[in-house]
Every structure is written in structure tokens, then in C-alpha cells.
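**Q**
Residue numbers (my numbering), protein chains in the order written: chain R, 1 to 268; chain S, 1001 to 1265.
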């Protein structure tokens, strides 16, 4: 009886820790495979990069314009219009878009669009036993499949962050136009408040998001099992874990950046 | 390689079909046919509560913390740290909790439905249901929609409370530049019950769309276990974009021309 209760509470926790540990091991193996020669992953890297870009460019654009127009655009413009200082919206967009929402929306879209596609792809190969066949042929699946996905997702998430900043700010411009404001004040406060620290913080954060998403999605895809439902279930679990990992990391990173660089939160 | 225009073309092609499918499913709930299988609806509601509740609340909690620290640092920078409650109240209630709820619902519930229904479709279980004289649309899709409508409003209201608690922790306990009393005074002053209702409407629109899109992709899955995986990935991509569009439309309709703030005349 006691044992049954203990098992019920203990086993899920144990399996969760095991899973996190396995993902860490996969990360370590991937990192060593990146630097250790030979480097056979060039072609696959370009292929995966284009694959992720082709899948994500349109969802990214719609999502970031919608988010930028709605959340930071209209709500902040509402608030600022009460004080007659709508030109300050540009300065607010440095905080809202560059520091916070652009990386988050990028991570959500990349995890939801490219990450799920990677898990579905690798999961399909796993249950068709292609991965085992590769291993029999002496081809290392980590070096030839995981490493190019890891690197291309890191690169593309960092680059899509800039894309998200641009479209997020254009959402803000639409909000400013919706209030019939001239755009001069918007751009003036935008560029005086912009700082290099914010930009590199944003891009670094996004690159690490890409790494988290890639490791989680590759791990789940390569460990898909269990018949017809297996691949779908793997995608489901991958995207949930990727979201939780990304958002938890985001909190720690933003907190650290804000606390260690007090100059970026000075309004100019 | 999918090609550069594959995603928008795919969505344009399937959007009318998804709308028709969704309308049919909603009709099955509204005309009461779903109540033939009310037990199944309750079972689906139970699965939602037991399987997805904690994860959804977890994500809302993390984003509530995020709202708190951004609000605290922003209000410090304009020289009014004791007004962090304004930022936290608007961020939590109006924008971020609906988004966090939508993201996690799409990730956990939407893709879960696709995986489940898709595997039923490819192992011909849905055809078997039809042969037995059970309408699969009612038994599989309408019951899930009703189950979601039964549980998610309450889950969302608790999620808002959790977001508030997280923002309080971040602003008052972690950053600590405003007293609890000062924070709550401003925090409650900048929101009122209609705001809560609008936020709930936004979140429930997201929930309805997510369940319907999940049902559509699962119900129409094809191509073996691999097809189920692809359908799951596709449903997630569409859901993410729809969540953002609904969030924007909600903001535009509910708060677009009316700040609903106790400032000025």
C-alpha cells in the first residue's frame, strides 16, 4: 500500500528526471560531434536551414505583426494617449519588442512550426527503422542528423529574431497610424532608446532558444515509439517540453540581463 | 523541400474546409445531438483536467513572473516604481495570460487531439464507428468541444489568479521596490470585471479554434503513422498563427478605442 503510493508519486518524477538527463546527454554528444572531425554535415545543414526558413517565414510574419499591433501597440498606445505622449510608443517598443516579445514569438513560432516538423521527420525515420539502418551502415545519426538540425535551428532562430523585431515594430507603426499620429516622434524615441546591449541580448537569447528547441525536438523524434500514435505523441510532448524550457530560460535570462546591465533600462 | 509558398497556399486551400468542419461540429453541440454521448463529454473534460491543467498553469505562472519583472524594471525607469501594478495588471489580464493559455492549449491539447484522432483514423477505427451506427463526428469531435467548453472557462479563471500571484511574487517579493499594499492598490484600480470578461472571451475563442483545428487535422489524417506526425506538426503551425490573430482581434475589439483606465476624464 505504502509502496504503491510512493511509486505513484515517485515514478513520474523519476521518469522526468531521466528524460531531462537524456536530453543533457544528447546535448553533450551533439556538441562534441560538432567540433570533432570529420564534418560531413554541410549539405544537410543548408537543406535544414532552407527547410526551416520556408516553413517559418509566413507564420512568423503574420504572428509578429499581429502581436506587435495588439499587445504592445494598441495597449501601450491606449495608455500613452491618456497622457498625450503617443510619440513615446517608439521607446516602449525597444522594451516590448526587442527585449521581450520578438524573441518569445520567434521561439513559439519556430518550436511550433519548424520544431514540430523536425520531430515528425525524425520520428517517421525512427519508426520506419531508418535510424537503425543508418547505424548498421556505420553512419552516426547524431553527427549526420542531429548536428545539422541543431546548428541550423540555432542560426535560423537568431536570424528570425531580427525579422521578428522588424515586423513587430511595423505592427507598432500600424498602431501609431491607427491613432492618426505622425511617425516622426515614434522613430525618434525608437532610435534614441535603442541600444546595442538590447540587440545582442535579444539575438543571444534567441540563439539559445533555438538550441533548446532543436535538442528537445530531435530527442523526442529519435525516441518515438509505440505504433500509429507514436509519432503524433512525440510531436505533442516535444512542443510542450520545448515551450516550458524556452519560457523558463527566458525568465532567467531576462532577469540576469536587466540586473547586470542597468543602463539599458534608462529611458532616454 | 516544401517550397516557399507551400505554407500560405496550404492554409488558403484548407481554410474553408476547416471553417465548414468547425461549423458542423459546433452545430452538433448546439442542436443537442452531443448529449447522446454526454458521458463521453464528461470523460473528455476529465482528461483535460487531469492531463493538461498543471502544464497550462505552469506556463501561465512563468509568463506572470515575466510580466512582473518587466513591469518592475519599466516603472523604475520612468521613476514610478510604485506603479508597477499598472503594467502587471494590463500585461497579465489583457494580453499575456490569454496568449500563454492559447500557446499551451495548442501545444498540449491541440496536438494531443490530432495524435489521438489521427491514429484512430489510420487504424480504421473511425470507419468502424460509422459501421456500428455511431456518428463519429458527434462521438469524437463534438464531445471534445463540449468537454473543452465545460472545463476551460474555469481553468482559465484560475490561470488568471495564478498569473496575478506570479506577478506579485516578482514585483513585491523579488524586486521589492513597492510594498504589497501599494502594489495591490494600483493593481486592482487598473482593472474591473468587464476586463475579466473580455479576457475570458478572448481565451475561449482561442480554445474553441484550437480544439476545432485539432479535430479537423486528426479526423482527416492520412498516410500511416508518418501522416499522423505530419498532421500534428501542421495543426500546431496553424494554431499558433490563429492564436496570434485572435489575440490581436480581441484587443482591437475590446480595448481598441477605449483604454478603460481610471486616468483623466
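All C-beta atoms in this analysis are idealised placements derived from N, C-alpha and C, irrespective of residue type, glycine included.
Note that the structure is a prediction, hence the values are computed from the model and not measured.
(1) Skipping 5 residues on each side, what residues in its chain have a beta carbon closer than 6 Å to that of residue 65 (chain R)?
(2) Under a three-way DSSP split, which group does residue 121 (chain R) fall into?
(3) Does residue 1259 (chain S) come out as helix, strand or coil in the three-state DSSP assignment?
(4) Under 7 Å Cβ-Cβ, which residues of chain S neighbour residue 255 (chain R)?
(5) Using a cut-off of 8 Å between C-beta atoms, extract the partners of residue 62 (chain R) located in chain S.
(6) For the structure I just gave you, are there three or more beta carbon pairs, one from the stretch 1029–1036 of chain S and one from the stretch 1094–1108 of chain S, closer than 8 Å?
(7) So, for residue 44 (chain R): in the same chain, excluding its five sequence neighbours on each side, which residues have a beta-carbon less than 6 Å away from its beta-carbon?
(8) Hey, residue 54 (chain R) and residue 1006 (chain S) are a contact pair by Cβ (cut 8 Å); roughly how many whole angstroms apart?
(9) Would residue 14 (chain R) pass as an interface residue toward chain S - the criterion being a Cβ-Cβ separation below 9 Å?
(10) Would you verify that the beta carbon of residue 197 (chain R) is, or is not, closer than 9 Å to some beta carbon of chain C?
(11) Against chain R, with Cβ distances strictly below 9 Å, would residue 1225 (chain S) count as a contact?
(12) Compute the distance between the beta-carbons of residue 1232 (chain S) and residue 236 (chain R), then report whether it is under 9 Å.
(13) For residue 1083 (chain S), I'd like the list of residues in its chain whose CB is within less than 7 Å of its CB, leaving aside the five on either flank, ordered along the chain.
(14) Which residues of chain S have a Cβ atom closer than 8 Å to the Cβ of residue 59 (chain R), listed in chain order?
(15) Please state whether the Cβ-Cβ distance between residue 73 (chain R) and residue 89 (chain R) is less than 9 Å.
(16) Which of the three DSSP states, helix, strand or coil, is assigned to residue 1036 (chain S)?
(17) Please confirm whether residue 1114 (chain S) has its beta-carbon closer than 9 Å to some beta-carbon of chain R.
(18) Between S:1052, S:1263 and S:1070, which has its C-alpha nearest residue 1148 (chain S)'s C-alpha?
(19) Between residue 29 (chain R) and chain S, is any beta-carbon pair separated by less than 9 Å?
(20) Answer with yes or no whether the minimum CB distance from residue 119 (chain R) to chain S is below 9 Å.
(21) So with CB distances below 8 Å, who are the chain R contacts of residue 1095 (chain S)?
(22) Only counting the same chain, and skipping five residues up and downstream in sequence, which positions put a Cβ closer than 8 Å to that of residue 1055 (chain S)?
(23) Under 9 Å, do residue 1267 (chain S) and residue 1041 (chain S) count as touching if we go by C-beta distance?
(24) By DSSP, does residue 148 (chain R) sit in helix, in strand, or in coil?
(25) Just by C-beta distance, which residues in the stretch 1193–1211 of chain S are closer than 7 Å to chain R?
(26) On the three-state DSSP scale, how would you describe residue 183 (chain R)?
(27) Quick check on residue 37 (chain R): does DSSP put it in helix, strand or coil?
(28) What does residue 1228 (chain S) touch in chain R if you count any residue whose Cβ is under 8 Å from its own?
(29) Using a Cβ-Cβ cut-off of less than 7 Å, list which residues of the stretch 105–118 of chain R approach chain S; keep chain order.
(30) Which one of S:1126, S:1134, S:1177 and S:1152 has the shortest CA to CA distance from residue 1079 (chain S)?
(31) Of the choices R:206, R:182, R:3 and R:124, whose alpha-carbon is the least far from that of residue 1227 (chain S)?
(32) I'd like to check one pair, residue 206 (chain R) with residue 158 (chain R): are the Cβ atoms closer than 9 Å?
(33) Quick check: the stretch 1232–1245 of chain S against the stretch 1206–1224 of chain S, are at least 3 beta-carbon pairs closer than 8 Å?
(34) If you measure between the beta carbons of residue 79 (chain R) and residue 1089 (chain S), is that distance less than 9 Å?
(35) Looking only at its own chain, which residues have a Cβ that is under 8 Å from the Cβ of residue 1061 (chain S), when we skip the five neighbours before and after it?
**A** For this structure:
(1) Translated into positions along the first chain, residue 65 (chain R) becomes position 65. Closer than 6 Å at Cβ, skipping near neighbours: 167 and 171.
(2) In the first chain, the residue the question calls residue 121 (chain R) occupies position 121. Residue state, collapsed to three classes: helix.
(3) Mapped onto the second chain, residue 1259 (chain S) falls at position 259. Residue 1259 (chain S) falls in the coil class under three-state DSSP.
(4) Here residue 255 (chain R) refers to the residue found at position 255 of the first chain. Chain S residues near residue 255 (chain R): 1069.
(5) Working through the first chain from its first residue, we reach residue 62 (chain R) at position 62. Going along chain S in sequence order, the residues near residue 62 (chain R) (Cβ under 8 Å) are 1241, 1244 and 1245.
(6) no
(7) In the first chain, the residue the question calls residue 44 (chain R) occupies position 44. Taken in chain order, the residues that qualify are 148.
(8) Sequence index remark: in the first chain, residue 54 (chain R) carries index 54 (1-based). Sequence index remark: in the second chain, residue 1006 (chain S) carries index 6 (1-based). Rounded, the Cβ-Cβ distance is 7 Å, consistent with contact.
(9) For this step, residue 14 (chain R) is matched to residue 14 along the first chain. No, its Cβ sits nowhere closer than 9 Å to a Cβ of chain S.
(10) Reference to chain C is not applicable here, since the protein chains of this structure are R and S.
(11) What you label residue 1225 (chain S) is simply residue 225 of the second chain in a count that begins at 1. Yes, residue 1225 (chain S) lies at the interface with chain R (some Cβ there is under 9 Å from its Cβ).
(12) Taking the first residue of the second chain as 1, we reach residue 1232 (chain S) at position 232. Taking the first residue of the first chain as 1, we reach residue 236 (chain R) at position 236. A contact, by the Cβ cut-off of 9 Å.
(13) Position 83 of the second chain, counting from 1, holds the residue named residue 1083 (chain S). Taken in chain order, the residues that qualify are 1075 and 1186.
(14) Numbered from its first residue, the first chain carries residue 59 (chain R) at position 59. By Cβ distance, chain S contributes 1007, 1237, 1240 and 1241.
(15) Residue numbering aside, residue 73 (chain R) sits at position 73 when the first chain is read from its first letter. Residue numbering aside, residue 89 (chain R) sits at position 89 when the first chain is read from its first letter. Yes, they are a contact pair.
(16) Numbered from 1 along the second chain, position 36 holds the residue referred to as residue 1036 (chain S). Of the three classes helix, strand and coil, the one that applies to residue 1036 (chain S) here is helix, per DSSP.
(17) The residue labelled residue 1114 (chain S) in the question sits at position 114 within the second chain. Cβ-Cβ to chain R under 9 Å: yes for residue 1114 (chain S).
(18) The residue labelled residue 1148 (chain S) in the question sits at position 148 within the second chain. Of the listed residues, the one whose Cα sits closest to residue 1148 (chain S) is S:1052.
(19) What you label residue 29 (chain R) is simply residue 29 of the first chain in a count that begins at 1. False, the Cβ-Cβ gap to chain S never drops below 9 Å.
(20) For the purposes of this step, residue 119 (chain R) is identified with residue 119 of the first chain, where counting begins at 1. It does; some Cβ of chain S falls within 9 Å.
(21) As a first step, residue 1095 (chain S) is located in the second chain; it is residue number 95 there, counting from the start. Going along chain R in sequence order, the residues near residue 1095 (chain S) (Cβ under 8 Å) are 70, 71 and 75.
(22) Here residue 1055 (chain S) refers to the residue found at position 55 when the second chain is read from its first residue. Answer for residue 1055 (chain S): 1104 and 1108, listed in chain order.
(23) Outside the shown range of chain S, which is 1001 to 1265, sits residue 1267 (chain S), and nothing can be said about it.
(24) In the first chain, counting from the first residue as 1, residue 148 (chain R) sits at position 148. Helix.
(25) none
(26) As a working mapping, residue 183 (chain R) is identified with position 183 in the first chain. In this structure, residue 183 (chain R) counts as coil in the three-state DSSP scheme.
(27) Taking the first residue of the first chain as position 1, residue 37 (chain R) is located at position 37. Here residue 37 (chain R) sits in coil by DSSP.
(28) To locate residue 1228 (chain S), count along the second chain from 1; it is residue 228. Going along chain R in sequence order, the residues near residue 1228 (chain S) (Cβ under 8 Å) are 228, 229, 231 and 232.
(29) 108, 109, 112, 113, 116 and 117
(30) Counting from one through the second chain, the residue named residue 1079 (chain S) turns up at place 79. Answer by Cα proximity: S:1177.
(31) Mapped onto the second chain, residue 1227 (chain S) falls at position 227. Considering only alpha carbons, the answer is R:124.
(32) Locating residue 158 (chain R) in the first chain gives position 158, counting from the first residue. Locating residue 206 (chain R) in the first chain gives position 206, counting from the first residue. Yes, they are a contact pair.
(33) yes
(34) Position 79 of the first chain holds residue 79 (chain R). Position 89 of the second chain holds residue 1089 (chain S). Cβ atoms of residue 79 (chain R) and residue 1089 (chain S): not closer than 9 Å.
(35) Residue mapping note: residue 1061 (chain S) aligns to position 61 of the second chain, counting from 1. If we look at residue 1061 (chain S) and ignore the five residues flanking it on each side, its Cβ neighbours are 1162, 1163, 1165 and 1166.
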